[in-house]
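Colleague: So for the first sequence, the working numbering puts the first residue at 57; every next one is plus one.
The structure under discussion is supplied below as structure tokens; questions concerning it will follow.
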Amino acid sequence: MIDLRILRSDPDAARASQVARGADPSLVDALLTADTRRRAAVAAADELRAGHKALGRTIGKAPSQDRPALLERGKQLAGEVRAAEVIEIAANSELLAAHKSLPNLIDGAPPGGEQDFIVLEHVGEPPSFDFEPRDHLDLGEGLGAIDTERGAKVSGARFYFLRGVGAQLQWAMLNLAISKALENGFIPIVPPVLVKPESMEGTGFLGEHSAEVYHLDQDDLYLVGTSEVPMAAYHADEILDLSAGPIRYAGWSSCFRREAGSYGKDTRGIIRVHQFEKVEMFSYCRPEEAAGEHRRLLDFEREMLDAMELPYRIIDVAAGDLGSSAARKFDCEAWVPTQNAYRELTSTSNCTTFQARRLNVRYREDDGKPQTAATLNGTLATTRWLVAILENHQQPDGSVRVPQALRPGLGGRELLVPTRI
RNA sequence: GGAGGCGUGUCCGAGUGGCCUAAGGAAGCCGCCUUGAAAGCGGCCGGGUGUAACAGCCUCGCAGGUUCGAAUCCUGUCGCCUCCGCCA
Numbered sequence: 057m058i059d060l061r062i063l064r065s066d067p068d069a070a071r072a073s074q075v076a077r078g079a080d081p082s083l084v085d086a087l088l089t090a091d092t093r094r095r096a097a098v099a100a101a102d103e104l105r106a107g108h109k110a111l112g113r114t115i116g117k118a119p120s121q122d123r124p125a126l127l128e129r130g131k132q133l134a135g136e137v138r139a140a141e142v143i144e145i146a147a148n149s150e151l152l153a154a155h156k157s158l159p160n161l162i163d164g165a166p167p168g169g170e171q172d173f174i175v176l177e178h179v180g181e182p183p184s185f186d187f188e189p190r191d192h193l194d195l196g197e198g199l200g201a202i203d204t205e206r207g208a209k210v211s212g213a214r215f216y217f218l219r220g221v222g223a224q225l226q227w228a229m230l231n232l233a234i235s236k237a238l239e240n241g242f243i244p245i246v247p248p249v250l251v252k253p254e255s256m257e258g259t260g261f262l263g264e265h266s267a268e269v270y271h272l273d274q275d276d277l278y279l280v281g282t283s284e285v286p287m288a289a290y291h292a293d294e295i296l297d298l299s300a301g302p303i304r305y306a307g308w309s310s311c312f313r314r315e316a317g318s319y320g321k322d323t324r325g326i327i328r329v330h331q332f333e334k335v336e337m338f339s340y341c342r343p344e345e346a347a348g349e350h351r352r353l354l355d356f357e358r359e360m361l362d363a364m365e366l367p368y369r370i371i372d373v374a375a376g377d378l379g380s381s382a383a384r385k386f387d388c389e390a391w392v393p394t395q396n397a398y399r400e401l402t403s404t405s406n407c408t409t410f411q412a413r414r415l416n417v418r419y420r421e422d423d424g425k426p427q428t429a430a431t432l433n434g435t436l437a438t439t440r441w442l443v444a445i446l447e448n449h450q451q452p453d454g455s456v457r458v459p460q461a462l463r464p465g466l467g468g469r470e471l472l473v474p475t476r477i
């Protein structure tokens, strides 16, 4: 939800934001109308409530012979209050619905849709092979690191086993991500991966993403698609102390995605799977710090990608591809040789106060007034990174060079050698 | 899964139908006193909405209900604690 005060004072900016997203600008006016109607309903109900309350006090003190008449008047007023409250409640829920249907105001994102991203920077050079490169699944199977066949046997399509050096490689990478996060002042978190509907709802994942999340009917719990969900809901309904700067968490969790709309896409290997591991950064900060914090999260992602010795590019995601809660989003996409393409490895979003307003996360201003905080998130490492690591560092014989930074986690090994091929 | 108990403000804690507009204490903040501190004294001291600022209204875990009137009575629900059972 966006700040109604901003909306009231500058509705044109909100309309422009909607146009840049390719979304409906009339939602802005619908929200303003609902806002006006609600304010009128509240004022009317307040006035009646005040009169009714005053009468109640009078009755309490009144001598008994005066009571019957006062009680009669009280009954009548109580009815009027009830009627006004029915209108008030309806106006409130109308406002809430309109408020929730309006996406965040964009902040600097290029206009347009999925194709209209802007490439901000290229880092590193795609490797040139003088042999036919194998894809990550060939390599992973050769190393005894990835087993999708048995994943399918045990759990179905888009499930896999990581084993041997595959499992070790993932741990080494995620452990490194956590160590780097710790150095940068993040508090490490192992969150619950099953959450209540209101946590899912508050982070905005039950809207456009609702088909992508697993739900356990018997218990009415959702499996999270990212630890962003529990980390955002962590401080729901709280007032934080942000005077010493942003509060940063690094969550390590399994992530679960139904991948409902992606039949036939990325079916080979572990690029798109139902379950994977991820280390995710999450920041709470003051709204005025959010843009700067966003750049820092991007820097932390880059540091991690650099440590993996991967070629990648950074894109400024276009407005129409932001999702409803982000005001701006940067993706880092690594080069995947066998696809001859860049594929998303990280994504960092500045949600400004949009998400925090839904979750009611605030901080105390210098003047003591609570204000809505800003939230940001960004990927620090995921299972998908193994794809880029295996493919970019492969050797002619199917072995894979281990990036320097991961060697300690693999018993010092510099090269992973196929067990069969 | 069964039985019982408890949810009041930053914390402790009073309050069983009407001046609750929530006592009292602690902590915190401001001031006085002091060389400084402690003690003492005086003031401020939850959140939301709203306002130019007031006022007003909402808020006693949450949601319903009863009543002219609910922190207080009723129902549901959530959380915490204790005991029993079951599983590890």
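Beta carbons: idealized from backbone N, C-alpha and C, even for Gly.
1. State buried or exposed for S73, treating a residue as buried only when at least 16 other CB atoms are found within 10 Å of its CB.
2. Using a 10 Å radius around the Cβ and a threshold of 16 neighbouring Cβ atoms, would you call P367 buried or exposed?
3. Among E365, S405, I162 and F410, whose alpha-carbon lies nearest the alpha-carbon of L442?
4. How many Å lie between P343 and L158 at the Cα?
5. Which one of G379, F173, L151 and A101 has the shortest CA to CA distance from A139?
6. Applying the criterion that 16 or more other CB atoms from any shown protein chain within 10 Å of the CB defines a buried residue, is V249 buried or exposed?
7. How would you call G281, buried or exposed, if buried means at least 16 neighbouring beta carbons within 10 angstroms?
8. Look at the alpha carbon of A306 and the alpha carbon of A97, and state the distance between them as a whole number of angstroms.
9. Any idea if I145 is buried or exposed, counting beta-carbon neighbours within 10 angstroms, 16 or more meaning buried?
10. Residues in its own chain within less than 7 Å of V251 by CB, not counting five upstream and five downstream?
11. If we ignore side chains and look at the alpha-carbon of each, how far apart do P452 and L446 end up?
12. How big is the Cα-Cα spacing for K334 and S283?
13. Give the C-beta separation of A228 and L466 to the nearest angstrom, bearing in mind that I take them to be a contact with Cβ-Cβ under 8 Å.
14. So the alpha helix (DSSP H) M481 belongs to, where does it begin and stop?
15. Mark A90 as exposed unless 16 or more other C-beta atoms lie within 10 angstroms of its C-beta, in which case mark it buried.
16. Identify every run of the alpha helix (DSSP H) within the stretch 277-333, keeping only runs that are complete inside it and at least 4 residues long; order them along the chain.
17. According to DSSP, is T89 part of a helix, a strand, or is it coil?
18. Is it true that the stretch 425-443 meets the stretch 343-363, where meeting means three or more beta-carbon pairs spaced less than 8 Å apart?
19. Let me check understanding here. Comparing Cα to Cα, which of D85, P464 and F242 lies closest to L436?
20. Just how far apart, CA to CA, sit E336 and A267?
21. By DSSP, does C407 sit in helix, in strand, or in coil?
22. State the Cα-Cα distance for the pair L127 and I115, rounded to the nearest angstrom.
23. Alpha carbons only, please: which of L462, I326, A374 and V456 is nearest the one belonging to L195?
24. Kindly indicate which residue of G200, A79 and G424 has the alpha-carbon position closest to the one of M295.
25. What does a CB cutoff of less than 6 Å around L354 pick up in its chain, not counting 5 residues either side in sequence?
26. Excluding five sequence neighbours on each side, which residues of the same chain lie with their C-beta closer than 6 Å to the C-beta of S381?
27. With the cut-off set at 8 Å, would you say D163 and A374 are in Cβ contact?
28. So, helix, strand or coil for H192, using DSSP?
29. Run the CB neighbour count on I477, radius 10 Å, all protein chains shown included, and call it buried at 16 or more, exposed below.
30. In chain order, what residues of the same chain lie with their CB nearer than 8 Å to the CB of L133, ignoring the 5 residues before and after it?
31. Just to confirm before moving on: does the CB-CB distance between F338 and T438 stay below 8 Å?
32. When you compare only the Cα positions, how much space is there between S309 and P244?
33. Since I believe C388 is in contact with R358 (beta carbons under 8 Å), could you give me their beta-carbon distance rounded to a whole number of angstroms?
34. State yes or no: is the C-beta of A165 within less than 8 Å of the C-beta of A86?
35. Could you tell me which residues DSSP puts in a beta bridge with L63?
36. I need the boundaries of the alpha helix (DSSP H) containing N231, first residue and last residue.
Modeller: The short version:
1. Counting Cβ neighbours within 10 Å, S73 comes out buried, since at least 16 surround it.
2. Label assigned to P367: buried.
3. Per the Cα distances, E365.
4. One alpha carbon belongs to P343, the other to L158, and they sit about 19 Å apart.
5. Among G379, F173, L151 and A101, the Cα nearest to that of A139 is on A101.
6. Buried.
7. By the Cβ neighbour-count rule, G281 is buried, with 16 or more other Cβ atoms within 10 Å of its own.
8. So the two alpha carbons sit approximately 44 Å from each other.
9. By the neighbour-count rule (16 or more Cβ atoms within 10 Å), I145 is not buried but exposed.
10. For V251, the CB contacts under 7 Å within the same chain, skipping 5 residues up- and downstream, are L277, Y278, V280, V285, P286 and A289 in chain order.
11. Near 12 Å, if we compare the C-alpha coordinates of L446 and P452.
12. If you take the alpha carbons of K334 and S283, they lie about 8 Å apart.
13. Here A228 really is in contact with L466; their C-beta atoms are around 6 Å apart, less than 8 Å.
14. Because the chain in this structure spans residues 57 to 477, residue 481 falls outside the shown range and cannot be described.
15. Under this definition A90 is a buried residue.
16. The stretch 277-333 contains these whole alpha helix (DSSP H) runs: 284-290.
17. Three-state result, T89: helix.
18. Flag = yes, the stretch 425-443 and the stretch 343-363 touch.
19. Ranking the options by Cα distance to L436, first place goes to F242.
20. Distance between the alpha carbons of E336 and A267: 22 Å.
21. Three-state DSSP puts C407 in coil, outside helix and strand.
22. Rounded to the nearest angstrom, the two C-alpha atoms are 7 Å apart.
23. When only C-alpha atoms are compared, the closest one is V456.
24. Checking the sequence, you will find Ile at residue 295 rather than Met. Among G200, A79 and G424, the Cα nearest to that of I295 is on G424.
25. Taking C-beta separations shorter than 6 Å and ignoring five residues to either side along the sequence, the partners of L354 in its chain run F386 and T404, following chain order.
26. Once the five neighbours on either side are set aside, the close Cβ partners of S381 are N160, G260, C407, F410 and Q411.
27. Not a contact, by the Cβ cut-off of 8 Å.
28. It is helical.
29. Summary for I477: the model assigns pLDDT 47, below 50, so the residue's position carries little reliability, and this model does not support an answer.
30. Result list for L133: L104, G107, H108 and L111, in chain order.
31. In this structure, T438 does not lie closer than 8 Å to F338 by Cβ.
32. C-alpha separation (whole angstroms): 11 Å.
33. About 7 Å separates the two Cβ atoms, so the contact holds.
34. Result no, Cβ atoms of A165 and A86 do not sit closer than 8 Å.
35. Answer by DSSP bridge pairing: none, since L63 is not bridged.
36. It spans V221 to E239 - the alpha helix (DSSP H) in which N231 sits, taken as one unbroken run.
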